[in-house]
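Enquirer: Protein chains in written order, with my numbering: chain B, 1 to 115; chain A, 116 to 230.
Structure incoming, see below.
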Amino acid sequence: KAGVTQTPRYLIKTRGQQVTLSCSPISGHRSVSWYQQTPGQGLQFLFEYFSETQRNKGNFPGRFSGRQFSNSRSEMNVSTLELGDSALYLCASSLVGQATGETQYFGPGTRLLVL
Amino acid sequence: AQSVAQPEDQVNVAEGNPLTVKCTYSVSGNPYLFWYVQYPNRGLQFLLKYITGDNLVKGSYGFEAEFNKSQTSFHLKKPSALVSDSALYFCAVRDRAGNNRKLIWGLGTSLAVNP
Numbered sequence: 001k002a003g004v005t006q007t008p009r010y011l012i013k014t015r016g017q018q019v020t021l022s023c024s025p026i027s028g029h030r031s032v033s034w035y036q037q038t039p040g041q042g043l044q045f046l047f048e049y050f051s052e053t054q055r056n057k058g059n060f061p062g063r064f065s066g067r068q069f070s071n072s073r074s075e076m077n078v079s080t081l082e083l084g085d086s087a088l089y090l091c092a093s094s095l096v097g098q099a100t101g102e103t104q105y106f107g108p109g110t111r112l113l114v115l
Numbered sequence: 116a117q118s119v120a121q122p123e124d125q126v127n128v129a130e131g132n133p134l135t136v137k138c139t140y141s142v143s144g145n146p147y148l149f150w151y152v153q154y155p156n157r158g159l160q161f162l163l164k165y166i167t168g169d170n171l172v173k174g175s176y177g178f179e180a181e182f183n184k185s186q187t188s189f190h191l192k193k194p195s196a197l198v199s200d201s202a203l204y205f206c207a208v209r210d211r212a213g214n215n216r217k218l219i220w221g222l223g224t225s226l227a228v229n230p
């Protein structure tokens with residue numbers, strides 16, 4: 001079974017631009033979570049989608065948004081990029097999400113550099 | 116507030132020696148507990164988890180972890196370290212109860228295994 005895939009793997013943008021990242025979960029997984037990873041802050045939860053609905057949200061500004069499609073693929077968008085948005089963005093999928101002790105499986109991440 | 120602590124930013128061990136990466140948590144009730152590993156420029160890989168039952172959990176690559184309820188700890192261990200175990204290790208916790216059951220992550224511990 002194919003793992004979680006994320007595209008693109010690397011991105012360079014300038015301040016003020018916007019960016020869209022894509023995540024394809026493991027086949028059959030309906031829950032997709034997004035995380036921001038930076039050296040100083042560790043993994044910060046952005047949001048979780050399940051069946052095309054945002055089910056949970058972290059403490060990020062409204063510039064960070066996401067959506068999920070009927071095939072469970074998910075995108076996240078960051079508008080008006082700031083230097084501090086430079087990070088590794090990780091996507092994780094699981095069967096139904098947070099209601100159980102199930103495992104989240106991570107993609108390789110998209111490394112975003114904002115200049 | 117729910118939290119996870121990985122008290123050591125870095126752990127250094129010699130190849131062939133046992134290793135321990137520590138994790139303590141503060142969660143009301145009985146948690147689900149997870150360990151993940153991250154190799155450079157990669158996403159997180161699942162190692163093991165505690166759901167219920169035996170307090171000693173065995174996982175991938177020879178790793179194991181012991182759930183200690185009284186000490187609210189879930190330390191990761193391996194009897195004999197390999198150089199290839201050098202990576203960043205994350206502990207995560209999820210509360211079983213309540214409406215907001217996001218994974219709570221530690222900040223990670225960098226393990227260096229010296230030849």
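By construction, the Cβ of each residue, glycine as well, lies at the ideal position given by its N, Cα and C atoms.
1. Let me check understanding here. Comparing Cα to Cα, which of B/Pro25, B/Gly3, B/Ile12 and B/Gln41 lies closest to B/Ser74?
2. Give the straight-line distance between the Cα atoms of A/Val228 and B/Leu43, rounded to the nearest whole angstrom.
3. Hey, out of A/Glu123, A/Val119, A/Thr224 and A/Lys164, whose CA is closest to A/Phe178's CA?
4. Closer than 9 Å by beta-carbon distance: list the chain A residues that pair up with B/Gln104, in chain order.
5. Would you mind stating whether B/Leu112 and B/Thr14 have Cβ atoms separated by less than 8 Å?
6. Please check the pair B/Trp34 and B/Tyr105, which I expect to be a contact at CB under 8 Å, by giving their CB distance rounded to whole angstroms.
7. May I have the straight-line CA-CA distance separating B/Arg9 from A/Ser185, to the nearest angstrom?
8. From the DSSP output, which residues share a beta bridge with B/Val19?
9. Going by the C-beta, is A/Gly168 closer than 7 Å to any heavy atom of the ligand HEM?
Expert: Walking through what the data contain:
1. B/Pro25
2. 24 Å
3. A/Lys164
4. Phe149, Tyr151, Leu159, Phe161, Ala207 and Leu218
5. no
6. 14 Å between Cβ atoms; not a contact.
7. 43 Å
8. B/Val78
9. In the structure shown, the ligand HEM is absent, as is every other ligand, since no ligand is present at all.
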